[in-house]
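Accompanying notes for the structure given below.
Here it is in structure tokens:
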């Protein structure tokens, strides 16, 4: 995309991290908006228990996006700087991440009440997770091939394996979907 | 969780703070969305007075989350850095904090209009606050046991007592609930 | 509030600014959510023209909150650091700022369609603005009396006058309300 | 606007960037809220396919705002600092950017279902994009004329051409609108 980048085009990644953190922060809190406040006079305990898929969706989405954020954070401890092209690759990665609360909510709603609709819901969720994993790898490759990563990190297998936690989540989800049928 | 962490794995906590601040900023403003704008022609003063539980919920939530934020801020003035595991402990802490506007709104709606439903609402609120307090302590312990805290802060009783303000809020809430019956 | 603060309790104000910026960013964009997307087949031009009070509310709120943000930014160029108590004073200031989109939307809706309801709407708006102005002054006083401000700024009249732009907006609003009757 | 600015009034642009990043982060994620979660029992695949204009709006808005953010980021790598007046010029620029999700959603909804309403929708979208482009140029001019930009950047044609990517998007949009008729 940006093959003509010269060394002096490498800028600090501080602002890329601030922007990404903003997107992560919004995505991670989004599903709290889905939980309905009981009306006055309504039985509060029952209203809350009946909504437990929404609570579960909030917790799942929080832990998933929190994990991806921690991986993104860890990746950027070995990133030396950013180029114009690298900003775009990161925007691409953030797109399915900010979308993740949606499939999480779809799965939660279908899991308990719409049994025959669980599989398409899981496909949407697993597909989004797979896209996050693929784009995470693209960000990694882009950074290491353009010299944006510390030499040590580019060589080290230990560092390389670090971004892979989320890879293992997608197949797990599919496994659960099969069990669920 | 991450017992094999070596010293070189300690990274700056700057980005953890930026992310936490984003989550705090969203959580603290969330309840303004719950206040309904009067329709044209509707009596504005009455529409606003009738909604005073929503206003109270906004103020309570703002002051509570503001206090927790200030405590988080104070804690991090003695944190020297972060590890991968410490990121997760902080994500866990942020989960009930971002959820806090929900029980606050539930209590506010039931307090004045759904009298017999106040106790379950208070249990939800107090339980969330207690979870915040417990996880705050977990963050503190994790940081001091992994050497992420300045030696002085780990020893000092004055510093240790600092995170405890929110501890005292939860029992207060329960006390109020009992009085309210 | 915190009279026993010792010099070593002064921490960097960087995180206070990040948090405030998050609250400002959310508040400033909030009213875009109030603008209704026309249904398919609905006359788009008419649907947009009929909603012009909502557009005006968005613009007004953006410019007002943008101005307050710029003043907050300017104030913090002369702030040397922060204490635990100063964090709370700033949380208090942020409370009416994050609330500001609400009275702005109330005024916009009543201004054109609910003529006899303009005055209470204006009182709500003007009152919120006045509260922002008063708390801005409290933040200023707190900072200068606790030694959180550079000595030059504490003395200088030019610096002191800087926070006063928003002061002049509240009476202007009231003037407009009187003209409007 | 601020012709009497002295050199000592130039402050770091760090906080302006943090605030802008917050606004960008909110705007870029906003349209995920427009996608409806299927009800339990509803056919999930069909519900999602029927909403594809909303998905397209999310993707378009994400890529567009992501591009503008990358341009804003690139511009600020050559900005040396900020003045009070420069803050306002940036607030003006952020106003149509935070608004952009709205026209994007309007176009998406009319493009497939409200065929004769595509042209006014496109005018709204193209007009917003044109306003962003014009204000981007105003920010650039303001910075270079007030000495807020590095001397090299002010001279260089290569740097100057950099902010122009979004310029080319607006006419493209209009071209598409004409084809669509």
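Chains as they are written, first to last, in this note's numbering: chain V, 81 to 261; chain A, 81 to 261; chain C, 81 to 261; chain P, 81 to 261.
Note that beta-carbon positions come from the ideal geometry of N, C-alpha and C, so glycine has one too.
Taking residue 142 (chain C) as the centre and dropping the five residues before and after it, the same chain places the C-beta of 108 closer than 7 angstroms to its C-beta, in chain order. Membership of residue 136 (chain C) in the alpha helix (DSSP H) is indicated by the continuous run 132-156. In this structure, V:179 is the residue among V:192, V:216, V:224 and V:179 with its C-alpha nearest to the C-alpha of residue 116 (chain P). At the C-beta level, residue 153 (chain C) and residue 95 (chain P) come within 7 angstroms of one another. Residue 231 (chain C) and residue 220 (chain C) have their C-alpha atoms spaced approximately 13 angstroms apart.
The Cβ atoms of residue 201 (chain P) and residue 124 (chain C) sit closer than 7 angstroms to each other.
Residue 154 (chain A) belongs to the set of residues whose beta carbon lies under 7 angstroms from a beta carbon in chain C. The beta carbon of residue 171 (chain C) does not come within 7 angstroms of any beta carbon belonging to chain P, so the residue lies off that interface.
Interface annotation, residue 228 (chain A): not in contact with chain V, CB-CB separation never under 7 angstroms. Around the beta-carbon of residue 204 (chain A), 16 or more other beta-carbon atoms lie within 10 Å, marking it buried. At least one beta carbon of chain A lies nearer than 7 angstroms to the beta carbon of residue 117 (chain V). Scanning chain P for C-beta atoms nearer than 8 angstroms to the C-beta of residue 98 (chain C) yields 98, reported in chain order.
Closest option to residue 150 (chain C), judged by alpha-carbon separation, among P:140, P:164, P:157 and P:159: P:164.
The beta carbon of residue 109 (chain P) falls within 7 angstroms of a beta carbon belonging to chain V, placing the residue at that interface. Nearest neighbour of residue 216 (chain V) by Cα position, chosen from V:185, V:171 and V:233, turns out to be V:171.
Residue 108 (chain V) carries a helical assignment under DSSP once its states are collapsed to helix, strand and coil. The three-state secondary structure of residue 163 (chain C), taken from DSSP, is coil. With respect to chain P, the C-beta atom of residue 163 (chain C) has no partner C-beta closer than 7 angstroms. Chain order gives no chain V residues near residue 125 (chain A), where near means a beta carbon separation below 9 angstroms; the closest approach is about 21 angstroms. Remark: C-beta atoms of residue 139 (chain A) and residue 177 (chain A) do not approach each other more closely than 7 angstroms. Under DSSP, residue 229 (chain A) shares a beta bridge with A:159. DSSP lists V:162 as the bridge partner or partners of residue 91 (chain V). The beta carbon of residue 106 (chain P) sits closer than 7 angstroms to some beta carbon of chain C.
The shortest CA-to-CA distance from residue 156 (chain A) to any of A:199, A:93 and A:134 is the one to A:93.
A:158 is the residue among A:112, A:227, A:106 and A:158 whose C-alpha sits nearest the C-alpha of residue 90 (chain C). Residues are counted here when their Cβ sits less than 8 angstroms from a Cβ of chain P; for the stretch 196-212 of chain C the count is zero.
If you check the CB distance, residue 111 (chain P) and residue 181 (chain P) come in under 7 angstroms.
Against chain A, the beta carbon of residue 223 (chain C) has no neighbour under 7 angstroms; the closest one sits roughly 16 angstroms away. In the structure shown, the three-state DSSP call for residue 97 (chain C) is helix.
Within the stretch 123-147 of chain A, the residues whose Cβ lies closer than 8 angstroms to any Cβ of chain C are, in chain order, 123, 124, 125, 128, 138, 139, 142, 143, 146 and 147.
At a cut-off of 7 angstroms between beta-carbon atoms, residue 214 (chain A) makes no contact with chain V. If you compare the alpha carbons of V:118, V:98, V:101 and V:227 with that of residue 184 (chain A), the shortest gap goes to V:118. For residue 157 (chain C), the chain P residues whose Cβ falls inside 7 angstroms of its Cβ are 91, in order along the chain. In this structure residue 101 (chain A) is buried. Its beta-carbon is surrounded by 16 or more other beta-carbon atoms within 10 angstroms.
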